[in-house]
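The opening position of the sequence shown corresponds to residue 0 in numbering that gives the first Met the number 0, with each subsequent residue numbered one higher. Report on the structure given below.
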Amino acid sequence: MDRILITGGSRLQGTVRVSGAKNAALPILASTILGGGECRVTNVPAVVDVVTMGKLLGMLGASVKIEGNRAAVGVEHVHSTEAPYDLVRTMRASVLVLGPLVARWGEATVSLPGGCAIGTRPVNLHLAGLAKLGAEVAIEHGYIRAKATRLRGARIALDTPTVTGTENLMMAACLAEGTTVIENAAKEPEISDLASFLVKRGAKIFGAGTDLITVEGVSALRGADHEVIPDRIEAGTYLAAGAITGGDVCVEGCRPEHLEAVIVKLREAGAEVTEKKESIRLKAPRRPKAADVKTFVHPGFPTDMQAQIMALLCVAEGTSVITETVFESRFIHVPELRRMGADIKVDGNHAVVNGSSHLTGAPVMASDLRASAGLILAGLAAEGITEVSRVYHLDRGYERIEQKLRGLGASVNRVHGTAKGAAGAAAGIPS
Ligand code: UD1
């Protein structure tokens, strides 16, 4: 298993370009199931989750070609409507094929995703919404089975604004008979990007990006070309990397308007942040200041940036309180940060972070995608070597992160295999 080795202490400087948003590319690729005709998608991030989605579409019968940052997908027919457990357990977002499969092919069998490190993560709202659209939905032997001759438009009020739930229902509604209204919809930019792709394909969607989405069903969708929006979480991660090292970093190819809540907190932590149309420059003081952070649905502070901002606040001057409101157990990175000398107390969904003047490198274990990024950031600020294991989480969602960080002057290296400890690998002994 690969590990990432970080030698802390370098001040990051320079420019880094962000990749396309994983969380927009995945629903966009899943939505190709909704119609015939070739879909050519560009700015697709070269990350493992995208490969997994390509594999799943291929298993269903789609023709899929993913090369570099381009994907070409055609779904003229399917020979299976099943997303198997082995795939879904490696990527929860596989559930995004559920709505499109039922809407176009009348049935879907999708392994029920289990809980994961960050919470129980049910999909009850996806299922209740599909039932409202007229699908027969059952759970049997660990699988969701959904069937419908043709979905019918309906009014769906979501209990909580789920991101992939909103996407699943919006996609399904595109081919339903009549009008669907989704109330309390999630407002993340990735939902708007999916909607703009679907509209190019002939769908009639109004209000994506607000909490009230209206979809007028059409009988078929055609192929279309689309460029995926930049990854706001990746951009935020590099800004936080600049901030934690007292650096001067410019993140290019991003959309500052998607990062407002993150920028507010980076400024509160003492950084000077300049926004341009498609770039953000951050100049950080030698040591950040404490700031209180509460995660929230968009446009609030994203839960996917919580681990990274926590790493930053671990070295801040003063005490910060982080409140996680989106997922119930998303503080799993805390014990790992403590191994690096961080002073963090967790009480329910609050974490009290007493900033310390320095962290020390240690072997740590990544528990999920964003926790991995948080640990790498902590490693950048720590004295000595940090060794992050279980890097497969990181590879699911960050394209070439070591290379990009090295481009900013960080000492970050990937070590393949399991044999050697940090000291051996840092000394260049292959393992
Ligand atoms: C998506 C993102 C993930 C991000 C999360 C929150 C993708 C592929 N993943 O995940 O990176 O961290 O949004 O911004 O886009 N919930 C229910 N019932 C449901 C669905 C959700 O109770 O049927 C709850 C969840 O347990 C959670 C909250 O709603 O507490 C938000 O989850 P949700 O928005 O659904 O997250 P995902 O779409 O899985």
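Note that beta-carbon positions come from the ideal geometry of N, C-alpha and C, so glycine has one too.
Worksheet item: Start and end of the beta strand (DSSP E) containing A145?
Response: 142 to 146 is the extent of the beta strand (DSSP E) around A145.
Worksheet item: Got a sec? Which residues, its chain only, sit under 7 Å from G7 by beta carbon, not counting five neighbours each side?
Response: G360, G378, L379, A380, A381, E382, G383, T385
Fill in: Sufficient close CB pairs (3 or more, under 8 Å) joining the segment 20 to 32 to the segment 190 to 203
yes
Worksheet item: Is the beta carbon of R88 within less than 7 Å of some heavy atom of the ligand UD1?
Response: no
Discussion item. Following a CB-centred definition, is P121 positioned closer than 7 Å to any heavy atom of the ligand UD1?
Written reply: yes
Worksheet item: Name the DSSP bridge partner or partners of M364?
Response: In the DSSP output, where bridge partners are listed per residue, M364 has S388.
Fill in: According to DSSP, residues forming a beta bridge with L281
Under the DSSP definition of a beta bridge, L281 partners with V248, V272.
Worksheet entry | Whole beta strand (DSSP E) elements within the segment 80 to 158, 3-residue minimum | 106 to 110, 135 to 139, 142 to 146, 154 to 156
Item to complete: Mind the definition here: the segment 265 to 285 touches the segment 299 to 306 only if three or more C-beta pairs lie below 8 Å; say whether that holds.
Response: No: the two stretches stay apart, fewer than three of their Cβ pairs being nearer than 8 Å.
Worksheet item: Going straight from the alpha carbon of V296 to that of I212, what length do you get?
Response: Going by the C-alpha atoms only, they are around 16 Å apart.
Worksheet item: In three-state DSSP terms, what is S430?
Response: Because the pLDDT of S430 is 27, which lies under 50, any placement of that residue in the model is unreliable, and the number read from its coordinates should be weighed accordingly. Reduced to three states, the DSSP call for S430 is coil.
Item to complete: Indicate whether the contact test is met: 3 or more Cβ pairs, each with one atom in the segment 133 to 145 and one in the segment 59 to 77, closer than 8 Å.
Response: no
Item to complete: Classify G416 as helix, strand or coil using the three-state DSSP reduction.
Response: coil
Fill in: Close beta carbons around A421, own chain, < 7 Å, minus the five adjacent residues each side
The pLDDT assigned to A421 is 43, lower than 50, so where the model puts this residue is not dependable, and the model offers no usable value.
Discussion item. Taking contact to mean 3 or more Cβ pairs, one atom from each stretch, closer than 8 Å, check whether the segment 44 to 57 and the segment 391 to 401 are in contact.
Written reply: They touch, by the three-pair rule.
Discussion item. Beta-carbon within less than 6 Å of R144's beta-carbon, same chain only, minus the 5 sequence neighbours each way: which residues are those?
Written reply: T108, A137
Worksheet entry | Cut-off 8 Å between Cβ atoms - residues of its own chain near R221, not counting five sequence neighbours on either side | G34, G35, G36, R200, G201
Worksheet item: At a cut-off of 7 Å, is D367 close to the ligand UD1 when judged by its beta-carbon and the heavy atoms of the ligand?
Response: no
Discussion item. Distance check for M364 and V390, CA to CA, integer angstroms please.
Written reply: 8 Å
Worksheet item: What are the boundary residues of the beta strand (DSSP E) that includes E226?
Response: 224 to 226
Practice prompt. Give me the Cα-Cα distance between T148 and V87, rounded to the nearest whole angstrom.
Written response: 25 Å
Worksheet item: Using a threshold of 7 Å, is the CB atom of V162 nearer than that to any non-hydrogen atom of the ligand UD1?
Response: yes
Worksheet item: Looking at the unbroken alpha helix (DSSP H) that takes in K54, where does it start and where does it end?
Response: 47 to 59
Fill in: alpha helix (DSSP H) runs contained entirely in the segment 298 to 343, provided each spans 4 or more residues
305 to 313, 333 to 338
Practice prompt. Could you check how far apart the C-beta atoms of A268 and A315 are, in whole angstroms? I think they sit under 8 Å.
Written response: Correct: roughly 6 Å between the Cβ atoms.
Fill in: Helix, strand or coil at A184 according to DSSP, with G and I counted as helix
coil
Discussion item. By DSSP's criteria, H349 is part of a beta bridge. Which residues make up the other side?
Written reply: T322, D346
Practice prompt. Between the Cα of R337 and those of T89, E327, A350, spot the shortest distance and give me the residue it belongs to.
Written response: The shortest C-alpha separation from R337 is found at A350.
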